[in-house]
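A short worksheet on the structure shown next.
Residue numbers (the working numbering): 161 to 389.
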């Protein structure tokens, strides 16, 4: 699964530039043209990273940052603010309101991509890795293989994507709706109970040789991955 970057920017030319370059680098990109739309999109699908303009219609980038930092889902999401404001006091304001980094327009695209990678590695160490390990469980994203201990497991495509999503965020509870948006995609309509069916298949495959079930059901909330020993 690709890292999901949400770009909140009201200038069409910059929006197109960012979308093209992030997609070229292998990111999944969401686009919002004002602050209110950005908050709505971040609530619908939690981004792995946010690029936010400072001066926008409806809500400023500073206010967007402030509101995102008040929500549990986006409290720790890396945010880079883009702005034409180059005064030191403006930079301090942006950082004080929750931005992790700050770039002045016009900016260098290679530098922006490098800063994004650096912040992603710090915030989500597994997000850019090809192999993720938790205890006895290992998922190899390049070869599309899963092992538990020495035994290779055989998963269907949907179960593989579910496991990858869980292993990137151990301990975090995901609702059925969040899993549908992230694993199946927002443009595909399936019943929310479909998630339960695929979770059941994933659990069956993971409980090899009587191993403990690493998928925890959280009543009225969803599912979470508990790393096995």
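Note that beta-carbon positions come from the ideal geometry of N, C-alpha and C, so glycine has one too.
Residue 371 and residue 294 have their alpha carbons spaced roughly 14 Å apart. Per DSSP, reduced to three states, the secondary structure at residue 367 is coil, with no helix or strand assignment. With a threshold of 16 other beta carbon atoms within 10 Å, residue 183 falls short and is exposed.
Between the alpha carbons of residue 270 and residue 300 lies a distance of about 28 Å.
The alpha carbon of residue 199 has as its nearest neighbour, out of 252, 185, 217 and 188, the alpha carbon of 217. For residue 310, the closest C-alpha among the options 190, 380, 191 and 368 is that of 368. The Cβ atoms of residue 241 and residue 258 lie no closer than 7 Å to each other. Secondary structure note for residue 298: it is in no alpha helix (DSSP H), and the uninterrupted beta strand (DSSP E) holding it is 297 to 300. When the Cα atoms are used, residue 192 and residue 212 turn out to be separated by approximately 9 Å. As the crow flies, the alpha-carbon of residue 321 is around 44 Å from that of residue 249.
Within the model, the alpha-carbon separation for residue 382 versus residue 279 is close to 28 Å. When secondary structure is reduced to three states using DSSP, residue 331 falls in the coil class, being assigned neither helix nor strand. Nearest Cα to residue 245 within the set 236, 220 and 232: 220.
In the structure shown, residue 345 falls within a coil segment according to DSSP collapsed to helix, strand and coil. Scanning its chain for C-beta atoms nearer than 7 Å, with the 5 sequence neighbours on each side dropped, one finds around residue 323 the residues 299, 306, 315 and 362, in chain order. Rounded to whole angstroms, the gap between the alpha carbons of residue 272 and residue 364 is 43 Å. DSSP lists 190 and 210 as the bridge partner or partners of residue 166. Assigned with DSSP and collapsed to three states, residue 176 falls in helix.
Annotated as proximal: residue 166 and residue 190, with beta-carbon spacing under 7 Å. Taking all protein chains in view, the Cβ of residue 206 is crowded by 16 or more other Cβ atoms within 10 Å, so the residue is classified as buried. Assignment of residue 310 by DSSP, reduced to helix, strand and coil, places it in the coil class.
Spatial neighbours of residue 358 in its own chain (CB-CB distance under 7 Å, excluding positions within 5 residues in sequence) are listed in chain order as 318, 319 and 322. With respect to the C-alpha of residue 231, the residue from 261, 186, 203 and 176 having the closest C-alpha is 203. Short of 6 Å from the beta carbon of residue 262, and not among the five residues preceding or following it, lie these beta carbons of its own chain, in chain order: 241, 251 and 254.
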